[in-house]
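In what follows, a structure is listed as structure tokens, so that the remarks can point back to it.
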Amino acid sequence: MGAHVGSVGRFGIAGELLTMTVLPAPIRTCVGCRSRREQSALRRYVRAASGEVRESRSAAGRGAWICADSQNCLDRAFSTRGFDRALGARSFTKNTNFRNRLTMAK
Ligand SMILES: [Zn+2]
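Going by the numbering used here, the sequence shown runs without a break in its numbering and finishes at 161.
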């Protein structure tokens, strides 16, 4: 009987540890609407050292997060210059090729 109680106790401790090690989903701010959402609901655009911008979740460099389901957020990121701020450059909001490519990528 004593051994049985002991095993129940260990199970309880393991359950608490499991709960504590569950990490919250990473939260990012959309540069278009400024809302904070789970990373999985956003796209990340990265400016590489070469200056090229592409969509990637893992590439190194400065990144801009945009709601994945909203063309409006993409438009706002350009009109409010959120893209330029996030990527640390001034040219993106005036680069129509870049903008058209992102729009078509939708
Ligand atoms: Zn957004």
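Think of the CB as a built atom: it goes at the ideal place given N, C-alpha and C, for glycine as much as any other residue.
(message) Using only the alpha-carbon positions, how far apart do Val101 and Asn155 sit?
(response) Each residue's alpha carbon lies about 16 angstroms from the other.
(request) Would you please state the rounded distance, in angstroms, between the beta carbons of Ile121 and Ala132? I believe it to be under 8 angstroms. (result) So it is a contact: roughly 6 angstroms between Cβ atoms.
(request) Check whether the stretch 81-90 touches the stretch 106-113, taking contact to mean three or more Cβ pairs, one atom from each stretch, closer than 8 angstroms. (result) no
(message) How far does the alpha helix (DSSP H) with Leu142 in it extend, from its first residue to its last?
(response) Taken as a continuous stretch (DSSP letters only), the alpha helix (DSSP H) holding Leu142 covers Gly137 to Leu142.
(message) Do Leu129 and Thr151 count as a contact pair if the criterion is CB distance below 8 angstroms?
(response) For Thr151 and Leu129, no; Cβs fall outside 8 angstroms.
(request) Compare the beta carbon distance of Ala123 and Leu142 with 8 angstroms and say whether it is the shorter of the two. (result) Not in contact: Ala123 and Leu142 (Cβ atoms no closer than 8 angstroms).
(message) At a cut-off of 7 angstroms, would you count Ile82 as near ligand 1, judging by its Cβ distance to the nearest heavy atom?
(response) no
(message) Measuring straight from C-alpha to C-alpha, what distance separates Ala119 and Leu78?
(response) Using only the alpha carbons, I get a separation of about 23 angstroms.
(message) Mapping the DSSP letters down to three states, classify Leu97 as helix, strand or coil.
(response) strand
(message) Cutting at 8 angstroms between CB atoms, please list the residues of its own chain near Cys88, excluding the five before and the five after it.
(response) Cβ within range, chain order: Cys122, Ser125, Asn127, Cys128 and Arg131.
(message) Since Gln94 and Ala80 should fall inside the 8 angstroms C-beta cutoff, what is the C-beta to C-beta distance between them, to a whole number of angstroms?
(response) 7 angstroms
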